[in-house]
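Accompanying notes for the structure given below.
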Amino acid sequence: MAGNSNLHDSMRNKQDEFYTELSLIEDELLHYKEHFKNKVILCNCDDPYESNFFKYFALNFNTLGLKKLITTCYSGSPISGTELNLFPDLEPQVAKKQAYKLEITELSNVKGEPNYNLNDVQRILKENQPEVLKGNGDFRSDECIKFLKEADIVVTNPPFSLFREFVTKLVEYEKEFLIVGNLNAVTYKEILPLIMQNKIWIGYNNGHFWFKVPQSYEIKKTDFKIDDNGQKWRRMGNICWYTNLDIEKRHENILLFREYNPKDYPTYDNYNAIEVSRAADIPKDYDGIMGVPITFLNKYNPEQFDLLGIDKDFTSDGGRFTLVKSKRDIRRLYARLVVRRKN
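Letter 108 of the sequence shown, counting from 1, is numbered 120 in this note's numbering, and no numbers are missing.
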């Protein structure tokens, strides 16, 4: 099963080119359509041709009623220009090193979902020529910050290694967003406080998903494949969507049906809280503090629970909770969120 090792490898080796499948984008964005009407959408980590975020918004530009779509990419993308030469007047190797922006304010004769047509994408790109950026397309650059200021909503899959900085920029400029990330990012000191303050929450779809990666990537671990066309794919675990767009899901209560008993819910040896191994096992009749896995956030409703923090902040020695089942059986737990049910 894909786990954190793939994420850690990506961050350590700066292998950040993970291209999101169109089906994953469609399955999530169908819940947000009312948010996009008459809005400026920014995809600021997306090659306009290779990115499925661009394809989705371009082909549904009229259906969603968008005001404008802005797409920018970082220079030197390993697959940039491999499917369509956006700069026929430049040498191929020169074109690959360009960072560019593409804007769309009006489209005609595009059917949209579920009638996606690759020819439509090619026509859109030819009718709306990209503009070469002065810099390298880094989302933190002054040039790209101007696009961020103009945008209403940012939708993209940011680099895993720069996730903290990416979210920090979104919050700094008070932008609405819907972005792909790893659930383990909730443990970051830059992210958890935002969740506790109800400034960020988890979207609908989460789990293990396949991402297309450049041919240059050396994949040494499991959870990878090469398809019939020779394309490399890598599966990442604990993938989720982070957003600050209000959705029905975050107002739905977890159905609680289990009853508390000391045998099934042991207490920690260094903090007055009980261990709950799954969100579905939260007891309906316990009002005290509980340690729950971070997957709890997939079902977290701030109207039903108080999120108090993370285990490492609740121990005197800076360590994590240690659950002692017996003197001979001491096991270390994965990160635990500290929660309490609201009355």
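For each residue, glycine too, the CB sits at the ideal point set by N, CA and C.
Report task. Report the option in N282, F317, E155, K80 whose CA atom is closest to the CA atom of D323. Result -> N282
Query - Counted within 10 angstroms of its Cβ, other Cβ atoms place I342 as buried (16 or more) or exposed - result: Confidence in I342 is poor, its pLDDT being 46 and thus under 50, which makes the residue's placement too unreliable to answer from.
**Report entry** Limits of the beta strand (DSSP E) - the one that F189 falls within
**Finding:** 188 to 194
Query raised in the report: Considering only residues of the same chain and omitting the five flanking positions on each side of E115, which have a CB-CB separation below 6 Å?
Result: I82
Query raised in the report: Going by beta carbon distance, what residues of the same chain come within less than 6 Å of N218, once the five residues before and after it are set aside?
Result: C252, N310
Query raised in the report: Under the rule that 16 or more other beta-carbon atoms within 10 Å means buried, what is V106, buried or exposed?
Result: Annotation note: pLDDT 45 at V106 (below 50); position unreliable, no value reported.
Report task. Starting from the Cα of C85, find the closest Cα among Y68, R262, Y254, D58 and give me that residue. Result -> D58
Query - In DSSP terms, what Y31 is bridged to - result: K224
Requested in this report: Using DSSP bridges, identify the partner residues of P295.
Outcome: R270
Query raised in the report: What did DSSP end up calling K113 once you bin it into helix, strand or coil?
Result: strand
Requested in this report: May I ask you to report which of helix, strand or coil DSSP gives E40?
Outcome: helix
Report task. Look up T234 in the DSSP assignment and say whether it is helix, strand or coil. Result -> coil
Requested in this report: Count the other C-beta atoms from every protein chain shown that fall within 10 angstroms of the C-beta of K146, then say buried if there are 16 or more, exposed otherwise.
Outcome: exposed
Query raised in the report: When DSSP builds the beta bridges, which residues end up paired with Y346?
Result: DSSP lists no partner for Y346.
Query raised in the report: Using 8 Å as the Cβ pair cut-off and three pairs as the minimum, do the stretch 213 to 228 and the stretch 173 to 181 touch?
Result: no
Query raised in the report: At a cut of 8 Å, does the stretch 232 to 242 reach the stretch 33 to 51 through at least three beta carbon pairs?
Result: no
**Report entry** Contact check, D318 vs K261, beta carbons under 8 Å
**Finding:** no
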